[in-house]
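Peer 1: Using my numbering, you'd call the opening residue of the first sequence number 5 and step up by one each time.
Cβ atoms here follow ideal geometry from the backbone N, Cα and C, with glycine treated the same way.
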Amino acid sequence: MPKSLNSNFFSRPADVVAAELLGKVLCRKLDGKILRARIVETEAYFGEDDPASRASKGENKVSKMMREKAGKILIYNVHRFKMLNFVTGSEGEPSAVLIRAIEPLNFKARTAGPGLLTSALKIDDSFHGKHQHIDNLLWVEDEENKENLKVERSFRIGVREDLNIPLRFYIKENKFVSKISKK
DNA sequence: CATATGATGGACT
DNA sequence: GTCCATCATATGG
């Protein structure tokens, strides 16, 4: 039986967590069924030194949650889409990982993008601030079959001003990875 | 196949 | 009013 990831997994630097989340299985309980999907694309966000991070823009709803305990769920919206993030790092240090794309394992939906996957899994503001395995509604399971994972990294997508380091991680040649890419 | 553009709504100043 | 870590559609090769 695969086990749910615990806080220790998330209380490491955001880039480490983002890289290791690839291939893990995101689970969502919905209408009595459990939807399972492989995580295929993530991005790491840091604190005040990261111009793309909302934590660099002073105190607000997002930066506050990024300082919370690792493993908590952070939801915010861009236009009408919800973004799913997990808080990472040590408490007090703002950092988080954005889930950008997933590959459905036992259901069919369009999930090749951060706004699409939250809509497919019916994830909304009610998850904001919850710990990832509380309520058994949304959690991440470890995955044993990681031998064939080909991890690539690139600069982040859609950000106005990126850091000098690539902080986007994705599985090579996976067709559920979102398309639009710059640099 | 590629790149460009407009719609969209919540949070913040 | 401005910003934004998006998406769907339209257009051109």
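Confirm, please, whether the CB-CB distance from Leu171 to Ala74 is below 8 Å.
Peer 2: Within the first sequence, numbered from 1, the residue matching residue 74 stands at position 70. Within the first sequence, numbered from 1, the residue matching residue 171 stands at position 167. No; because the gap between Cβ atoms is not below 8 Å, this pair is not in contact.
Peer 1: In chain order, what residues of the same chain have a beta carbon less than 6 Å from the beta carbon of Trp143, not counting five sequence neighbours either side?
Peer 2: One-based indexing of the first sequence puts residue 143 at position 139. The answer, listed in chain order, is Ser8, Cys31, Gln136, His137.
Peer 1: What's the call for Ser130, buried or exposed, on a 16-neighbour Cβ count within 10 Å?
Peer 2: Your numbering for residue 130 matches position 126 in the first sequence. It counts as exposed.
Peer 1: If we ignore side chains and look at the alpha-carbon of each, how far apart do Pro17 and Ser99 end up?
Peer 2: Residue mapping note: residue 17 aligns to position 13 of the first sequence, counting from 1. Residue mapping note: residue 99 aligns to position 95 of the first sequence, counting from 1. Cα to Cα, Pro17 sits roughly 8 Å from Ser99.
Peer 1: How is the beta strand (DSSP E) around Thr46 delimited, first residue to last?
Peer 2: Along the first sequence, one-based indexing puts residue 46 at 42. Its beta strand (DSSP E) spans residues 37-49.
Peer 1: Less than 8 Å separating the beta-carbons of Phe180 and Arg157?
Peer 2: Reading the first sequence from its first residue, position 176 is the one you call residue 180. Reading the first sequence from its first residue, position 153 is the one you call residue 157. No, the pair does not count as a contact, with Cβ atoms beyond the cut-off.
Peer 1: How do the segment 26-40 and the segment 53-71 stand: do at least 3 beta-carbon pairs fall below 8 Å, yes or no?
Peer 2: At 8 Å Cβ cutoff, the stretches do not touch.
Peer 1: Just list the alpha helix (DSSP H) runs in the segment 88-165, keeping only unbroken ones of 4 residues or longer that don't cross its boundaries, in chain order.
Peer 2: With a minimum length of 4 residues, the continuous alpha helix (DSSP H) runs that stay inside the segment 88-165 are 118-124.
Peer 1: To which residues does DSSP link Arg32 through a beta bridge?
Peer 2: Translated into positions along the first sequence, residue 32 becomes position 28. In the DSSP output, where bridge partners are listed per residue, Arg32 has Leu39, Leu142.
Peer 1: Between His83 and Met70, what straight-line distance do the alpha-carbon atoms span, to the nearest angstrom?
Peer 2: In the first sequence, residue 83 corresponds to position 79, counting from 1. In the first sequence, residue 70 corresponds to position 66, counting from 1. Distance between the alpha carbons of His83 and Met70: 20 Å.
Peer 1: Starting from Val20 and walking both ways along the alpha helix (DSSP H), at which residues does that stretch end?
Peer 2: Taking the first residue of the first sequence as 1, we reach residue 20 at position 16. Val20 -> alpha helix (DSSP H) spans 18-25.
Peer 1: Roughly how far, in whole angstroms, is the beta-carbon of Asn89 from the beta-carbon of Leu78, given that I think they are within contact range, below 8 Å?
Peer 2: Counted from its first residue, the first sequence places residue 89 at position 85. Counted from its first residue, the first sequence places residue 78 at position 74. The Cβ separation is near 4 Å, so the contact holds.
Peer 1: So Glu141 and Arg42 are in contact, right, with Cβ under 8 Å, and what is the actual spacing, rounded?
Peer 2: The residue given as residue 141 occupies position 137 in the first sequence. The residue given as residue 42 occupies position 38 in the first sequence. A small fix is needed here, since residue 141 is Leu in this sequence, not Glu. About 19 Å separates the two Cβ atoms, so there is no contact after all.
Peer 1: What residues in its chain sit with their C-beta under 6 Å from that of Asn168, if we drop five residues either side in the sequence?
Peer 2: Residue 168 sits at position 164 when you count from the first residue of the first sequence. Excluding positions up to five away in sequence, the list is empty.
Peer 1: I'd like to check one pair, Ile106 with Thr115: are the Cβ atoms closer than 8 Å?
Peer 2: Here residue 115 refers to the residue found at position 111 when the first sequence is read from its first residue. Here residue 106 refers to the residue found at position 102 when the first sequence is read from its first residue. For Thr115 and Ile106, yes; Cβs fall inside 8 Å.
Peer 1: Less than 8 Å between the C-beta atoms of Glu72 and Glu97, yes or no?
Peer 2: Looking up residue 72 in the first sequence gives position 68. Looking up residue 97 in the first sequence gives position 93. Taking 8 Å as the Cβ cut-off, Glu72 and Glu97 do not qualify as a contacting pair.
Peer 1: Between Val91 and Tyr80, is the Cβ-Cβ spacing less than 8 Å?
Peer 2: The residue given as residue 91 occupies position 87 in the first sequence. The residue given as residue 80 occupies position 76 in the first sequence. Result no, Cβ atoms of Val91 and Tyr80 do not sit closer than 8 Å.
Peer 1: Alpha carbon to alpha carbon, what distance is there between Val101 and Asp146?
Peer 2: The residue labelled residue 146 in the question sits at position 142 within the first sequence. The residue labelled residue 101 in the question sits at position 97 within the first sequence. If you take the alpha carbons of Asp146 and Val101, they lie about 17 Å apart.
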